[in-house]
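Under the numbering used here, think of the first position of the sequence shown as 32, with each following residue one higher.
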Amino acid sequence: MTDPVAMGARALMAGGLVAFPTETVYGLGGNALDPVAVSRIFAAKGRPTDHPLICHIASADDLTPLVAEVTPLARALADAFWPGPLTLVMPRSGAVPDAVTGGRDTVAVRVPDHPLALELLRAFGGPVAAPSANRFGRPSPTRAGDVRDELGDTVDVILDGGPCAIGVESTVLDLASDPPQVLRPGGISVEQIEAVIGPVAAASGPARAPGMLESHYAPGARVEVLDAEALPARADELAGAGEHIAVLAPGAISPLPDSVLVLGPAGEPDTYAALLYAAFRRADAEGCAVILAVPPAAEGIGVAVRDRLARAAAGS
Ligand code: AMP
Ligand code: MG
32 MTDPVAMGAR ALMAGGLVAF PTETVYGLGG NALDPVAVSR IFAAKGRPTD
82 HPLICHIASA DDLTPLVAEV TPLARALADA FWPGPLTLVM PRSGAVPDAV
132 TGGRDTVAVR VPDHPLALEL LRAFGGPVAA PSANRFGRPS PTRAGDVRDE
182 LGDTVDVILD GGPCAIGVES TVLDLASDPP QVLRPGGISV EQIEAVIGPV
232 AAASGPARAP GMLESHYAPG ARVEVLDAEA LPARADELAG AGEHIAVLAP
282 GAISPLPDSV LVLGPAGEPD TYAALLYAAF RRADAEGCAV ILAVPPAAEG
332 IGVAVRDRLA RAAAGS
């Protein structure tokens, strides 16, 4: 039997595409230093080429060739959070092709916290550019089967590492601005970052980072975000009108019409994050027209979940 990781590394060396699990979501990887491989990523996703990609590396030592300078701030954050769901945006070196950064003078880098991802990166021996392994605008895949459903034959190798533990994308922190600014909330909270480097600027406005559209991460079903108190009446109203609906909420969900697909209770923010995208996909698979979602508390990763729900709602 051929070792899947070795097959993946060979595919990367040949300029191919490899989908691999990370602790956040599945990534669609190609050799970050090969503009042709990078262009294949954009084509497979149907993603506009000015949306920059995150470079994945095996350890903080591999940061040096990609960036202008490894600053003390970057070093402190890497020591604290890598491997882990924190992406650092830094002035780039000349080694990083324009294709990866969308022509920007900054590059986004992280070390993923997943044994298969790290094995792949070590076996390949270079940086791997990888956005989430979904078609542009769709929810990120959190299971290997989701990648197969979305991208199928356009990927040379799909590594199966089971369901992703975190379930929403990494936090993107821009170190090129002063103070550093959170461009996308994610797996590491602002509080965790501030405990290491002091105050940072919070995410502000919808299009904070290039490629972070207001409408994004959206299932086929329309998403409505609402309070727990408003859920029963709205569910009755839509189900009564003959709509096939799904509901997702952190806490217990009171009895609803039989036709309603219950996707929760999703529980605490971390369990909510872990099931969010799989719940979106399930609602689509069952042909639901609407997902009614009560967001988790705005603490820890709950901030990222609320961000994704708002973007999914804006996209529907
Ligand atoms: P995804 O590939 O879908 O996980 O998203 C990657 C995200 O990282 C992009 O949409 C941007 O928000 C962010 N990003 C990547 N590179 C840069 C960069 N050079 N500057 C700012 N943000 C970046
Ligand atoms: Mg994505």
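Think of the CB as a built atom: it goes at the ideal place given N, C-alpha and C, for glycine as much as any other residue.
Please state whether DSSP places residue i in a helix, a strand or coil.
i	result
G58	strand
V98	strand
I85	strand
S163	strand
L182	helix
V67	helix
D205	strand
A277	strand
T302	helix
T137	strand
V334	helix
A344	helix
Count the other C-beta atoms from every protein chain shown that fall within 10 angstroms of the C-beta of residue i, then say buried if there are 16 or more, exposed otherwise.
i	result
S285	exposed
E222	exposed
S90	exposed
P288	exposed
T132	buried
P300	buried
E260	exposed
E100	exposed
E54	buried
R106	exposed
S208	exposed
State yes or no: is the C-beta of residue i nearer than 6 Å to some heavy atom of ligand 2?
i	result
P170	no
S90	no
S290	no
P194	no
P162	yes
Where do the ends of the alpha helix (DSSP H) carrying residue i lie?
i	result
L262	L262 to G271
R41	P35 to M44
V199	Taken as a continuous stretch (DSSP letters only), V199 belongs to no alpha helix (DSSP H), as it is neither H nor E.
P103	P103 to F112
P146	P146 to F155
V131	D129 to T132
V291	No alpha helix (DSSP H) contains V291, which DSSP labels as neither H nor E.
For the beta strand (DSSP E) containing residue i, list its first residue and its last residue.
i	result
F51	V49 to F51
R27	No answer is possible for residue 27: it lies beyond the span of the chain, which begins at 32 and ends at 347.
R215	Q212 to R215
V120	L117 to P122
I322	V321 to A324
Any heavy atom of ligand 1 closer than 6 Å to the CB of residue i?
i	result
E330	no
E200	yes
P83	yes
R135	yes
T102	no
T302	no
A417	What is shown of the chain runs 32 to 347, which leaves residue 417 out entirely.
V256	no
T80	no
V203	yes
V98	no
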